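For reference, the structure discussed in these notes is given below.
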Amino acid sequence: MKIMLVSRFHPLLVALHWLLAILIIAMLGIGFFVLAAMPNVDPQKIGILLVHMSVGMLILALMAVRLVVRAWTSKPADATTGNRLLDRLAPAAHYGFYGVIFLMVASGYATGILAGLNRIVFQRSGEPLPPSFAIYPTFVAHFYLALILAGLSSLHVAAALYYQFVRKDRLLRRMWFGRRVSDASMRLE
Numbered sequence: 328m329k330i331m332l333v334s335r336f337h338p339l340l341v342a343l344h345w346l347l348a349i350l351i352i353a354m355l356g357i358g359f360f361v362l363a364a365m366p367n368v369d370p371q372k373i374g375i376l377l378v379h380m381s382v383g384m385l386i387l388a389l390m391a392v393r394l395v396v397r398a399w400t401s402k403p404a405d406a407t408t409g410n411r412l413l414d415r416l417a418p419a420a421h422y423g424f425y426g427v428i429f430l431m432v433a434s435g436y437a438t439g440i441l442a443g444l445n446r447i448v449f450q451r452s453g454e455p456l457p458p459s460f461a462i463y464p465t466f467v468a469h470f471y472l473a474l475i476l477a478g479l480s481s482l483h484v485a486a487a488l489y490y491q492f493v494r495k496d497r498l499l500r501r502m503w504f505g506r507r508v509s510d511a512s513m514r515l516e
């Protein structure tokens, strides 16, 4: 009897993965290199905050869709290294990613509420931004979560490249578009 084995993630999950990767990297870049460098008195900062906050909400929505798609679609077997500790760390790192991303959105949203950014940024009230966002514990959490997310992202890329080029097991194919199933002859007894 032939059994079809799933060798790739669902195309919607693949699209969400790469779209979210681009958005998250862009958001980290905007946060670390643009927003952090701009004084709160700069009038252009409100426009950049509008983009940053809007994309943050988009990331939340896309992550929710991603979790639903992941729960309802078949996926390939977990990649293995031969090292039990590393094999257990990989799924934990993925769940850590999800948790940090959701906490990033929550801390950013909470900072927006505490700082009155809804009125200032979205309703264009004309009020000035607070002198510093660092007075809000939620912003401090947002900053440290961003550092953690940047670190996790770097480890994720390094691990994917290790699997692809050192182990040469073509792991990246799993998270790309193409035929999802492969034939596998197995005897059921």
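What the sequence shown shows, in our numbering, is residues 328 to 516, in sequence order. Built from N, CA and C at the ideal position, the CB exists for glycine as well. Note that the coordinates shown come from a computational prediction; the quantities given were computed from them, not determined experimentally.
For the pair L416 and V484, the Cα-to-Cα distance works out to about 15 Å.
If you check the CB distance, P457 and A442 come in under 8 Å. For F429, the enclosing alpha helix (DSSP H) starts and ends at R411 to L441.
Counting only the Cα atoms, R500 lies some 38 Å from T465. Boundaries of the alpha helix (DSSP H) harbouring P464: P464 to L488, taken from the DSSP string. A distance below 8 Å between beta-carbons, with the five flanking residues on each side excluded, links I352 to the following residues of its chain, in chain order: S480.
Shown here, L456 sits in coil according to DSSP, grouped into three states, outside any helix or strand. Burial is judged here by how many other beta carbons sit within 10 angstroms of a residue's own beta carbon; I386 has at least 16 and is buried. Unbroken alpha helix (DSSP H) runs of no fewer than 4 residues, entirely contained in the region 341-422, are found at 371-399, following chain order. F504 is a Cβ neighbour of V341, given a cutoff of 8 Å.
Classified as exposed, G453 has fewer than 16 neighbouring CB atoms from the shown chains inside 10 Å of its CB.
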